[in-house]
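Visitor: Sharing a structure here in structure tokens format.
Residue numbers (the working numbering), protein chains in the order written: chain A, 493 to 793; chain B, 493 to 793.
This is the structure we're talking about:
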């Protein structure tokens, strides 16, 4: 019985650009979690194994091999070792993986592939695992999933396959414009003004050609009228969201949509999409990525 | 005669966010030039006078007051002292200025106002001086002037007045996307591929809703097809230019346009606008700002 439990012990890793998350899974339950800022971009490529071992050391046995399943940017060109993309249409029940060679013999490691699309070039790494997690519990789902974030994704699912998808720079544009542009002086606010957000989304939905001028107007309006940072943060958010809405309309118009992301972001998307779509269901990224890795794990049992 | 020449000696200063430029003017000719990286953002506000004095020390006399006329971001809220904006419509023959109090008695200083627009909030600082320089030599000009740059401006001129204008974040978006986003890996090129630039402009002109997705596709296409950085730099430039073109159409459609900027930028704009406008004339920012300050100087003689 101990031996059997032991065999059922493994580690799920979500290793992204900025964050490292690991889950110790025993008997299909998470018994311990580690989350650090050791994201890929902070780790030199020759130190990936060492960093991983240091972080999860307390979970390892000296006389047994612990299996690790990892997903995310760790498998990118800038990551530990490149796990080639799998092309759309892509069945998430049989996602490819690579097994980097390791110095330490206490672990085995599988890094799962991302998904690429050749026509209308696009790529994802990590989102496919979240989608696999969602599909594991909703195996008959056909429709659109939105994963808001740094690189916001809209994904069409049919018969457990990713049929096509589109990425928008929404989160990254928000971050670099807030931090690195002249708008830095105007948008430093904690909160969003919801009505201003909706008004701003509508402004650009109706006239996308105003986008670049509207961005500068955020600063100009602040210099002239000083309406406060939450107004200007809401405008910037609204303009960027509107550009995403315009480009993703084929995914959400008259549709039931699923949102997978962090709670703040999915709440904002839900608020903006309310009345624009038939229905909205929300799920957490972390839950989905763990379920996704568990689902991949099933294939090796 | 010496005394008369002496009286005609003054200094023109173009003090921007990143660059300091000063011109010693004697008998209406530039006899010496100083250009450094002591832009406003690198100078602490209590050190403006000291920095200016150090930079232009070799031009100063101990027993006479040298007049300095300055323009640009030096008069902004984050600059030496705020020179309030003058509102549109704004006659460039009578631009306001402030005279910051000085510790050193070898100089007098006038910092000229920027121009603001209340309806459709917008602001400029420095561009009005370039426009004044252009209008000094083209006093009967009525039409549109484009000043491409970090914050690209389109300005409507009528009877020596700035009637209205629109700013686009084109240059700043290009810079922060190239340097701070995931596209950093794809767009590090010296050159632009002109055909790719035109194709990219047209793509977004026809479908502006693709903008945010097209930006991410720059990276995705590089990961999948590796067409080389000059292709991807050209795409990024084209997409941003297209957004500016869409938003500024009222200024250039069926018009004769004037471009004022640095040679590389005006050449790129000329290439993109070729066949889209009736005619294009190009002028250099530096020449125009100096002419503009000379023009302002006339009012005090």
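Glycine is no exception: its CB is placed at the ideal position from the N, C-alpha and C atoms.
Model, not experiment: these values are computed from the prediction.
1. Less than 7 Å separating the Cβ of residue 734(A) from some heavy atom of the ligand MN?
2. Who are the neighbours of residue 622(B) on chain A, taking C-beta pairs under 7 Å?
3. When you compare only the Cα positions, how much space is there between residue 720(B) and residue 678(B)?
4. Under 8 Å Cβ-Cβ, which residues of chain A neighbour residue 739(B)?
5. Does any CB atom of chain A fall closer than 8 Å to the CB of residue 594(B)?
6. Going straight from the alpha carbon of residue 760(B) to that of residue 589(A), what length do you get?
7. Which residues of the segment 571 to 592 of chain A have a Cβ closer than 8 Å to any Cβ of chain B? Give them in chain order.
8. Tell me the DSSP secondary structure of residue 509(A) in three-state form.
9. Taking 8 Å as the CB-CB cut-off, is residue 614(A) touching chain B?
10. Starting from the C-beta of residue 530(B), find all residues in its chain whose C-beta is less than 7 Å away, skip the five residues before and the five after it, and write them out in chain order.
11. Identify the contact partners of residue 674(B) in chain A, using a Cβ-Cβ distance below 9 Å as the criterion.
12. Would you call the CB atoms of residue 605(A) and residue 584(A) closer than 8 Å?
13. Please classify residue 586(B): does DSSP put it in a helix, a strand, or coil?
14. Quick one: is residue 715(A) near chain B, going by C-beta distance under 8 Å?
15. Can residue 723(B) and residue 688(B) be called in contact, C-beta distance under 8 Å?
16. Mind checking which residues open and close the beta strand (DSSP E) that includes residue 609(A)?
17. Return helix, strand or coil for residue 669(A), following the three-state DSSP convention.
18. Given a limit of 7 Å on CB to CB distance, which residues of the segment 733 to 759 of chain A reach chain B?
19. I'd like the span of the beta strand (DSSP E) that includes residue 604(B), first residue to last.
20. Just the Cα atoms here: how many angstroms apart are residue 559(A) and residue 503(A)?
21. Hey, is residue 792(B)'s beta-carbon within less than 8 Å of any beta-carbon in chain A?
22. Using a Cβ-Cβ cut-off of 8 Å, state whether residue 708(B) counts as contacting chain A.
23. Leaving aside the five residues before and after residue 675(B) along the sequence, list all residues of the same chain whose C-beta is less than 6 Å from its C-beta, in chain order.
24. At 3 residues or longer, what runs of the beta strand (DSSP E) sit wholly inside the segment 616 to 667 of chain A?
25. Would you please state the rounded distance, in angstroms, between the beta carbons of residue 644(B) and residue 621(B)? I believe it to be under 8 Å.
Guide: On the basis of the coordinates in this document:
1. As far as ligands go, the structure on display features none, and thus does not contain the ligand MN.
2. Those within 7 Å of residue 622(B) in chain A number zero; the least Cβ separation is about 18 Å.
3. Residue 720(B) and residue 678(B) have their C-alpha atoms roughly 8 Å apart.
4. Within chain A, the residues 701, 702, 703, 704 and 705 have their CB atoms less than 8 Å from the CB of residue 739(B), given in chain order.
5. No - not a single Cβ of chain A is within 8 Å of the one on residue 594(B).
6. A direct Cα-Cα distance of roughly 45 Å separates residue 760(B) from residue 589(A).
7. Taking 8 Å as the Cβ-Cβ cut-off against chain B, the residues of the segment 571 to 592 of chain A that qualify are 577.
8. Note: residue 509(A) maps to coil in three-state DSSP.
9. Answer yes: the Cβ-Cβ gap between residue 614(A) and chain B drops below 8 Å somewhere.
10. These residues qualify, in order along the chain: 512, 543 and 547.
11. Chain A residues near residue 674(B): 509, 642, 643, 661 and 664.
12. No; because the gap between Cβ atoms is not below 8 Å, this pair is not in contact.
13. It is helical.
14. Interface residue, yes.
15. Yes; because the gap between Cβ atoms is below 8 Å, this pair is in contact.
16. Note, residue 609(A): beta strand (DSSP E), 607 to 609.
17. In the displayed model, residue 669(A) falls within a helix according to three-state DSSP.
18. Going along the segment 733 to 759 of chain A in chain order, one finds 735, 736, 738 and 739 with a Cβ nearer than 7 Å to chain B.
19. Where residue 604(B) is concerned, the enclosing beta strand (DSSP E) starts and stops at 599 to 604.
20. Residue 559(A) and residue 503(A): Cα-Cα distance of roughly 6 Å.
21. By this cut-off, residue 792(B) is not an interface position.
22. At a cut-off of 8 Å between beta carbons, residue 708(B) contacts chain A.
23. Excluding positions up to five away in sequence, the list reads 669, 710 and 711.
24. Taken in chain order, the unbroken stretches of beta strand (DSSP E) that lie wholly in the segment 616 to 667 of chain A and span 3 residues or more are 635 to 639, 644 to 650 and 653 to 660.
25. So it is not a contact: roughly 17 Å between Cβ atoms.
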